[in-house]
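Numbering-wise (our numbering), the sequence shown opens with residue 117 and increments by one.
The C-beta atom is built at its ideal place from N, Cα and C for all residues, glycine as well.
Predicted model only: the values in this text are computed from it and were never measured.
First comes the structure, then the notes that go with it.
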Amino acid sequence: EPGRLNNLNNNNNNNNRRSRSRYNNVQLSEGERLKEYYKRNYTWPLTNYNPNTAGWKQLMEQRFQQVQEMDNSGQRYEGFIQTLPSAFLIPNFTEHGFGLARCPDVLLQALQQGIQDGITK
117 EPGRLNNLNN NNNNNNRRSR SRYNNVQLSE GERLKEYYKR NYTWPLTNYN
167 PNTAGWKQLM EQRFQQVQEM DNSGQRYEGF IQTLPSAFLI PNFTEHGFGL
217 ARCPDVLLQA LQQGIQDGIT K
């Protein structure tokens with residue numbers, strides 16, 4: 117029924133407008149945001165690094181300092197968005213996020229010889 121279909125479409129459009137308007141006005145003023153921030157016991161700078169070691173904390177604080185010094189607010193925001201997960205959410209396996217290991221001498225000699233052979237050609 118064409119008339120019924122149009123009524124359904126109109127109802128859906130009205131519902132979509134109502135839904136959109138309901139979410140468009142969900143913005144806190146800075147005062148309200150700060151009130152919620154303190155109510156939830158949030159703090160800055162964050163201190164619960166993962167892993168919570170001196171080396172990881174130092175590395176992440178250096179990164180946050182670099183991000184904080186960015187002049188462009190959009191790039192600074194993106195820098196924080198990119199750095200936060202590695203500082204607090206994504207675990208690593210050593211104090212500095214990576215580990216060094218010594219490879220067997222036979223392998224090291226073979227690699228060095230391969231480099232030397234490549235240079236002489």
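Out of the options, point me to the one whose CA is closest to residue i's CA.
i: LEU205; options: GLN181, VAL183 and ASN164; result: ASN164
i: GLY171; options: ALA203, GLN225 and GLY234; result: ALA203
i: PRO207; options: LYS173, LYS155, LEU144 and TYR154; result: LYS173
i: PRO201; options: LEU150, LEU162, ARG156 and ARG149; result: LEU162
Please say whether residue j and residue i have beta carbons closer to each other than 8 Å?
i: THR159; j: ARG179; result: no
Here's a check: name, in chain order, each residue in its chain whose Cβ is nearer than 8 Å to the Cβ of residue i, leaving out the five neighbours to either side.
i: LEU224; result: none
Quick one: what does DSSP say residue i is sitting in, helix, strand or coil?
i: TYR165; result: coil
i: TYR154; result: helix
i: PRO201; result: helix
i: ALA217; result: coil
i: LYS173; result: helix
i: LEU223; result: helix
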